[in-house]
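Student: Provided herewith is a single structure, encoded as structure tokens, for subsequent inquiry.
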Amino acid sequence: MLPELWREMERLARQPRALGIMGKVPEVGQVKTRLSPPLTPEHAALLYTAFLRDAMLLGLSVPQCNVSVVLPEGNDERQLHDLAPAGVSFVQQPGNGLGEGLRGAIRLLLGHGAGSVALIGSDSPTLPEEHIEQAFDMLERDCADVVLGPAGDGGYYLIAVRADHPRLFEDITWSSELVMDQTLERAREANLRVKLIPEWYDIDDGASLHRLVADLGNDGHLAAPATRVALRTLRRLGAELPESPVPWTVLSTETPYRDRRRSLVQELLLTHCGDEAAYSYLDAPDAVWIVPVTTQGEIVLIRQYRHPVRDWVLEVPAGGLDGDSMHAAAVKELREEVGGTGGSVSYVGAFYSSSGQMTLRALVFVALGVELGESELESTELLEPVIVPAGLAFDMARRGEINDGQSALAVLFCEHAIRAWLAK
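Structural data, given as structure tokens:
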């Protein structure tokens, strides 16, 4: 028996791992329906999009692993190409229903040459990479036949195998609290060696959404970058979400200076380790950054004098909301600073400007197919347009030649959308 186990371990070590992410195209009303309420169907679809993105990023962090998103029949993978990072492929799920779909995905990935296959859902954005790595190790080093990741609702969030075991998916009451127990029973009936990894949870109802928000607030080690951005976006859109807990307590607050654009805040804090600490920062409202692209495929930058650094700085148009919606503010800044009109103006994403020093968040827009006219500058503004080919602008952002960091990051935020538009 022992020589057979060693041969099996050597075989698995020579063959690639495959991780299948059971996903869907995030269509409104078709994904995360149990999150509505508290979310609207539109908000639920936005959040699921972030879950799927985080699942892809998680898969790419697993060593020596090929990552595929497994889509149900009829889902068009082209709708996800902009979402997927390089290195992620798409496959169509064989079979109908959850059980047939899981077994079909395993057979498909094994048929592509994988020595071991793990399947996860696309709705566990905080799942630690170590859990997936542990599952593969149990298959490859412990020679388990099946590895399961128990979920708190009685199901499982991960199943990993190194061969097709059809009995695992037969006579299961799917989407119930019996799934895990019944799967273990099927494994015993088939004389399969089973290992378990730590329990985790899916986001499929209001209670698990509350847990997600709390976990992301309490544990900075949990990644989920796309989900964090989506939750901030949903709050800005008015979604009813629980407040994120914070590790520091504010004991007192003073505002010794305030003007229409910013306030100086001085606080006394009780930190996570029980110490008191003084902290000061600028409280500044959100602002928009917009990257204009002309009909000729050029990006419009501006060179503007900035008094605090006593220098001319290369930027993109930007400005405060001043009571407008963020889209209206972006259109206004485009018109006022470079005379830009026409085309399509779309929201791309957001980032904190300097999170240790100020609350300002940059809301990034891209304007595609802009026509340039006369600018409408304020009397205190001193700037001139700088028009460069899009490819050169991306290179300038990476080299630090667009020397306003917020503008450089805004340009790179928009790179994917701009390249896709130019390719058409």
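Under our numbering, the very last position in the sequence shown is 1153; numbers go up by exactly one each time.
Cβ atoms here follow ideal geometry from the backbone N, Cα and C, with glycine treated the same way.
Bear in mind the structure is a predicted one, so any value in this text is a computation, not a measurement.
Thinking C-alpha only, which one of P767, S1108, L1063 is nearest L1074?
Tutor: Here residue 1074 refers to the residue found at position 345 of the sequence shown. Note on residue identity: the sequence assigns Val, not Leu, to residue 1074. Comparing Cα positions, the closest option is L1063.
Student: Taking the C-alpha atoms as reference points, what is the distance between K1061 and P1114?
Tutor: In the sequence shown, the residue the question calls residue 1061 occupies position 332. In the sequence shown, the residue the question calls residue 1114 occupies position 385. One C-alpha to the other measures close to 16 Å.
Student: Between T855 and L945, how many whole angstroms is the CB-CB distance? I'm expecting something under 8 Å.
Tutor: Here residue 855 refers to the residue found at position 126 of the sequence shown. Here residue 945 refers to the residue found at position 216 of the sequence shown. At roughly 7 Å, the Cβ-Cβ gap stays under 8 Å, so T855 and L945 are in contact.
Student: Which same chain residues end up closer than 8 Å to H1056 when comparing Cβ atoms and leaving out the 5 residues on each side of it in sequence?
Tutor: The residue you call residue 1056 lines up with position 327 of the sequence shown. Within the same chain, H1056 has close Cβ partners V1074, Y1076, F1094.
Student: Thinking just about the alpha-carbon of each residue, which of W1150, F1142, T778 is nearest to the one in A1171?
Tutor: Past the boundaries of the shown model lies residue 1171; the chain is included only from 730 to 1153, so the question cannot be answered.
Student: Do P954 and D783 count as a contact pair if the criterion is CB distance below 8 Å?
Tutor: For this step, residue 783 is matched to residue 54 along the sequence shown. For this step, residue 954 is matched to residue 225 along the sequence shown. Contact flag set, yes.
Student: Tell me which residue opens and which closes the alpha helix (DSSP H) that Y777 is part of.
Tutor: By one-based count along the sequence shown, residue 777 stands at place 48. Taken as a continuous stretch (DSSP letters only), the alpha helix (DSSP H) holding Y777 covers 770-789.
Student: My guess is that I1116 and E1044 are in contact by the Cβ rule of under 8 Å, so how many angstroms apart are they, rounded?
Tutor: What you label residue 1116 is simply residue 387 of the sequence shown in a count that begins at 1. What you label residue 1044 is simply residue 315 of the sequence shown in a count that begins at 1. Not really, about 14 Å apart at Cβ, beyond 8 Å.
Student: Here's the rule I'm using: 16 or more other beta-carbon atoms within 10 Å means buried, otherwise exposed. How should H772 be labelled?
Tutor: Sequence index remark: in the sequence shown, residue 772 carries index 43 (1-based). Flag for H772 reads buried.
Student: Taking DSSP's pairing of strands, which residues face F819 in a bridge?
Tutor: Position 90 of the sequence shown holds residue 819. F819 pairs with V798.
Student: Could you check where the alpha helix (DSSP H) with R957 kicks off and where it finishes?
Tutor: Along the sequence shown, read from residue 1 onward, the residue named residue 957 stands at position 228. First-last of the alpha helix (DSSP H) with R957: 954-965.
Student: Could you check what DSSP says for L731 in three-state terms: helix, strand or coil?
Tutor: On the sequence shown, residue 731 is found 2 positions in, with the first residue counted as 1. Low confidence applies to L731: its pLDDT is 48, below 50, so where it sits in the model is not reliable enough to give any reading.
Student: With which residues is S1073 paired in a DSSP beta bridge?
Tutor: By 1-based counting over the sequence shown, the position of residue 1073 is 344. S1073 pairs with L1097.
Student: If you follow the alpha helix (DSSP H) that Q1135 is part of, which residue opens it and which one closes it?
Tutor: Within the sequence shown, residue 1135 is the residue found at index 406, counting from 1. Q1135 -> alpha helix (DSSP H) spans 1134-1142.
Student: Look at L1112 and R1032 and say whether their C-beta atoms are less than 8 Å apart.
Tutor: Numbered from 1 along the sequence shown, position 383 holds the residue referred to as residue 1112. Numbered from 1 along the sequence shown, position 303 holds the residue referred to as residue 1032. A contact, by the Cβ cut-off of 8 Å.
Student: Here's the rule: buried if 16 or more other CB atoms are within 10 angstroms of the residue's CB, otherwise exposed. What is K761?
Tutor: Reading the sequence shown from its first residue, position 32 is the one you call residue 761. Under this definition K761 is a buried residue.
Student: By the three-class DSSP mapping on this structure, what secondary structure does D1051 have?
Tutor: By 1-based counting over the sequence shown, the position of residue 1051 is 322. It is coil, neither helix nor strand.
Student: With burial defined as no fewer than 16 other Cβ atoms inside 10 Å of the residue's Cβ, what is the status of W977: buried or exposed?
Tutor: For the purposes of this step, residue 977 is identified with residue 248 of the sequence shown, where counting begins at 1. Exposed: under 16 other Cβ atoms inside 10 Å.
Student: Span of the alpha helix (DSSP H) holding Q863?
Tutor: To locate residue 863, count along the sequence shown from 1; it is residue 134. Element bounds for Q863: 858-869.
Student: Using CA atoms only, rank isn't needed, just tell me which of I1147, R940, A834 is closest to V1022.
Tutor: Here residue 1022 refers to the residue found at position 293 of the sequence shown. Closest option to V1022, Cα to Cα, is I1147.
Student: How is R896 classed by DSSP in three states: helix, strand or coil?
Tutor: Start at 1 with the first residue of the sequence shown, and residue 896 comes out as number 167. Three-state DSSP puts R896 in a helix.
Student: Measure the CB-CB distance between G1072 and G1098 and report whether it falls below 8 Å.
Tutor: Along the sequence shown, read from residue 1 onward, the residue named residue 1072 stands at position 343. Along the sequence shown, read from residue 1 onward, the residue named residue 1098 stands at position 369. Against a cut-off of 8 Å, the Cβ pair of G1098 and G1072 comes out as a contact.
Student: Which of the three DSSP states is assigned to I1147 in this structure?
Tutor: The residue you call residue 1147 lines up with position 418 of the sequence shown. The answer is helix: DSSP assigns I1147 an H, G or I state.
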